[in-house]
């Protein structure tokens with residue numbers, strides 16, 4: 076079988092290549108090596124995919140015919156300048172604003188044990204550090220096992236982080252939107268480091284910049300320096316983030332924040348949240364804030380404001396106006412990764428009867444990556 080000189084000449088190199096490939100495959104399974112190579116292979120694979128199947132920098136705009144038939148539903152919404160008065164979609168009785176003591180100009184909490192995120196693991200890593208602050212002894216491996224058993228899962232949403240806290244720990248958690256820098260400072264000053272979800276730009280293998288979603292745990296602030304101190308699972312511990320940069324990145328996620336705390340301190344946290352401790356107050360506040368920002372902002376910030384309005388309306392099951400708000404966000408120009416992290420448009424379009432929009436949008440998102448489980452769900 077191997078008597079031919081030509082065959083024998085190629086046999087040894089093929090065996091050597093096969094053995095090397097086998098050794099590399101075995102080595103890749105070693106956690107130390109895998110953790111350092113997996114993300115690089117993923118990045119280069121994504122670049123190859125984008126070269127072969129190019130896509131635009133922003134999400135596609137919606138079907139104009141569907142937009143015209145839905146746009147009129149948004150005209151009933153109008154922003155109200157006072158943040159203590161709710162926009163028209165939901166109108167609970169406004170809660171009286173509590174009087175808070177003046178905040179210190181600088182607060183730095185003892186940071187928890189730092190964890191550098193594993194591949195695609197900023198949510199589990201940030202939650203793990205937050206739990207460390209309160210004495211938890213696990214790691215991001217434990218949180219990821221429940222939150223994202225598939226390594227290629229691009230994102231863990233805030234409600235999933237909260238569900239982990241409730242199901243797997245003895246701690247309590249609260250999620251709110253429409254946060255302010257003062258809200259974050261007040262929590263830090265009282266000893267409750269909040270988690271924020273934000274957008275940020277990072278260079279890819281070609282040194283271009285691309286928008287992504289990310290979590291930070293905030294453990295301090297300094298008014299004189301004008302920054303928060305973040306435990307950033309991607310960049311590093313005790314990372315200074317300017318107030319302006321915090322606000323700008325936070326806008327992309329409706330100013331959402333999570334607070335994890337021992338359950339016996341529930342009343343203390345509720346007092347710190349003020350009227351936002353009541354979800355019936357916080358939801359219309361988020362709607363109203365987004366409405367105001369749609370009249371004040373331009374460019375991509377305007378796109379985020381419209382998107383936040385859509386998300387806030389989805390949260391109160393007002394899907395028709397939500398779909399129109401998402402239309403406006405797409406016209407203003409959303410980053411192409413936006414639906415990796417937030418899937419409100421699928422809910423809004425589906426429950427307002429715009430089924431083809433759901434399919435078209437899911438197809439576009441899945442063209443950027445084919446392992447986005449939420450988009451596959453809605454595409455099905």
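Residue numbers (this note's numbering): 76 to 455.
Idealized CB from N, CA, C, for every residue including glycine.
As the structure is a computational prediction, the values presented were derived from the model and not from experiment.
Supposed close pair residue i, residue j - CB separation, criterion 8 Å
i, j, result
"residue 365", "residue 387", "6 Å"
"residue 259", "residue 269", "6 Å"
"residue 22", "residue 389", "A question about residue 22 goes unanswered here, because the residues of the chain that appear run from 76 up to 455."
"residue 296", "residue 263", "6 Å"
"residue 355", "residue 369", "No, residue 355 and residue 369 are not in contact; Cβ-Cβ is about 23 Å, not under 8 Å."
"residue 423", "residue 455", "The Cβ separation is near 18 Å, so there is no contact."
Neighbourhood of residue i by C-beta, 6 Å cutoff - its chain only, sequence neighbours within 5 removed
i, result
"residue 207", "187, 188"
"residue 378", "404, 407, 408, 409"
"residue 314", "305, 307"
"residue 357", "251, 351"
"residue 253", "330, 360, 361, 364"
"residue 158", "Legend: pLDDT at residue 158 = 35, less than 50; position of this residue unreliable, no value from coordinates given."
"residue 425", "433"
"residue 419", "385, 386, 389"
Pick from the options that is closest to residue i, judged by C-alpha positions
i, options, result
"residue 383", "325, 428, 193, 134", "325"
"residue 288", "229, 385, 432, 332", "229"
"residue 261", "181, 400, 249", "181"
"residue 375", "358, 327, 412", "327"
"residue 249", "237, 243, 256, 259", "237"
"residue 266", "242, 197, 273, 336", "336"
"residue 275", "309, 423, 349, 205", "309"
"residue 463", "134, 135, 175", "Residue 463 lies beyond the residue range present for the chain, which begins at 76 and ends at 455; the question has no answer from this structure."
"residue 292", "321, 299, 140", "321"
"residue 319", "329, 359, 301", "301"
"residue 135", "443, 449, 447", "443"
"residue 226", "363, 213, 194, 209", "194"
"residue 132", "439, 445, 448, 449", "439"
"residue 191", "285, 216, 209, 411", "216"
"residue 414", "363, 242, 449", "449"
"residue 446", "223, 184, 214, 367", "223"
"residue 183", "294, 242, 177, 220", "294"
"residue 177", "453, 235, 347", "347"
"residue 373", "340, 323, 341, 412", "323"
Close Cβ partners of residue i (< 7 Å) along its chain, the five nearest in sequence each way excluded
i, result
"residue 137", "402, 405, 432"
"residue 218", "199, 202, 203, 239"
"residue 211", "244"
"residue 312", "186, 189, 306"
"residue 430", "none"
"residue 416", "230, 288"
"residue 142", "402"
"residue 317", "301, 302"
"residue 234", "250"
"residue 241", "248"
"residue 221", "239, 243"
Contact set for residue i: own chain, Cβ-Cβ below 8 Å, skip 5 residues either direction
i, result
"residue 338", "245, 246, 247"
"residue 451", "437, 441"
"residue 298", "180, 181"
"residue 197", "289, 290, 308, 309"
"residue 107", "Per-residue confidence for residue 107 stands at a pLDDT of 48, beneath the threshold of 50, marking its modelled position as unreliable; no derived number is given."
"residue 213", "203, 206"
"residue 209", "246, 335, 336, 337"
"residue 114", "The predicted model places residue 114 with a pLDDT of 48, which falls under 50 and marks its position as unreliable, so this point remains unresolved."
N-terminal and C-terminal residue of the alpha helix (DSSP H) that residue i is part of
i, result
"residue 226", "From DSSP, residue 226 is part of no alpha helix (DSSP H); its letter is neither H nor E."
"residue 402", "394 to 407"
"residue 420", "419 to 426"
"residue 413", "413 to 416"
"residue 359", "354 to 371"
"residue 217", "215 to 222"
"residue 448", "448 to 454"
"residue 441", "430 to 443"
"residue 138", "Counting along the chain, residue 138 falls outside any alpha helix (DSSP H), and DSSP gives it neither H nor E."
"residue 380", "374 to 389"
"residue 345", "341 to 348"
Continuous beta strand (DSSP E) stretch holding residue i: start and end
i, result
"residue 311", "311 to 317"
"residue 333", "332 to 336"
Practice prompt. Pick out the complete beta strand (DSSP E) segments inside the segment 174 to 202, 3 residues or longer, and give them in chain order.
Written response: 181 to 183
Fill in: beta strand (DSSP E) runs contained entirely in the segment 242 to 305, provided each spans 3 or more residues
Runs of the beta strand (DSSP E) lying entirely within the segment 242 to 305, each at least 3 residues long, are 247 to 251, 270 to 278, 284 to 297 in chain order.
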